[in-house]
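Novice:
Residue numbers (this note's numbering): 414 to 666.
#1: What's the C-alpha gap between residue 490 and residue 499?
#2: Less than 8 Å between the CB atoms is what I'm expecting for residue 478 and residue 538, so what's the real figure, rounded?
#3: Tell me residue 659's beta-bridge partners as DSSP assigns them.
#4: Identify which residue in 536, 527, 580 and 635 has its Cα closest to the Cα of residue 546.
#5: Going by DSSP in three states, residue 622 sits in which element: helix, strand or coil?
#6: I'd like the span of the alpha helix (DSSP H) that includes residue 583, first residue to last.
#7: Which same chain residues end up closer than 6 Å to residue 458 when comparing Cβ atoms and leaving out the 5 residues on each side of it in sequence?
#8: Is the separation between the beta-carbon of residue 660 and that of residue 571 shorter than 8 Å?
#9: Along the beta strand (DSSP E) that carries residue 469, what are the first and last residues, could you check?
#10: Helix, strand or coil, according to DSSP, for residue 612 in the structure here?
#11: For a quick check, are the C-beta atoms of residue 523 and residue 530 less than 8 Å apart?
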């Protein structure tokens, strides 16, 4: 048994944090149907939109790790395209995903983020979770587990699509729904817990994390033709209006 696995928690989650079993199982199957083979993930992370998001996430992670305690770094939902290559100080990178088929060679763990994580309390120096928190039934329970497995002062980087982009704010004023709650969209229907910058900050703060930075990749505008216009400079100035939120936080001591 490795140090990471020592003290593994078994059995069901506490009743007040466990997602309804039938709902969680249905959502797991729906997500696996889209993402299990890794092909769709490989396709979208290569796009400039996601390439910038991932670059921002890695930059914030490196800044946090400079002052983080020693230890391994975990990426949940790596999808075969990890962000954790060449970590500073020779830290161990651990990739985790719901589907074992997409895990890359090296240290990989198959897990369901809705269940208790198979790591000892205070065993990790950092966690990255990209474009995943919007898919889970109980984000507070997930963050409670991340708080448990992180060391005091440990780093957390979360990215998620923004519910309140510039265009979506204007859509809502016109009586139209934001894109993130479109139940008929080919993949956005899987985003059951959309966040704004303020709601994500509040959730992290309520679970024992101190937010240190907020970034975004692009402020975009979708034309009637379906084509996207995207700008970096407004996202730098007003990240809460951008398409993807990239949040860095530290586990409180």
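Even for Gly, the Cβ is constructed at its ideal location relative to N, Cα and C.
Specialist: This is what the structure holds:
#1: If you take the alpha carbons of residue 490 and residue 499, they lie about 18 Å apart.
#2: Right, their Cβ atoms sit about 7 Å apart.
#3: Under DSSP, residue 659 shares a beta bridge with 572 and 628.
#4: Cα-wise, what sits closest to residue 546 is 527.
#5: In this structure, residue 622 counts as strand in the three-state DSSP scheme.
#6: In this chain, the alpha helix (DSSP H) harbouring residue 583 covers 579-586.
#7: Answer for residue 458: 494, listed in chain order.
#8: It is a contact, given that the beta carbons lie within the stated cut-off.
#9: Note, residue 469: premise wrong, no beta strand (DSSP E); alpha helix (DSSP H) at 461-478.
#10: Residue state, collapsed to three classes: helix.
#11: In this structure, the beta-carbon distance from residue 523 to residue 530 does not fall below 8 Å.
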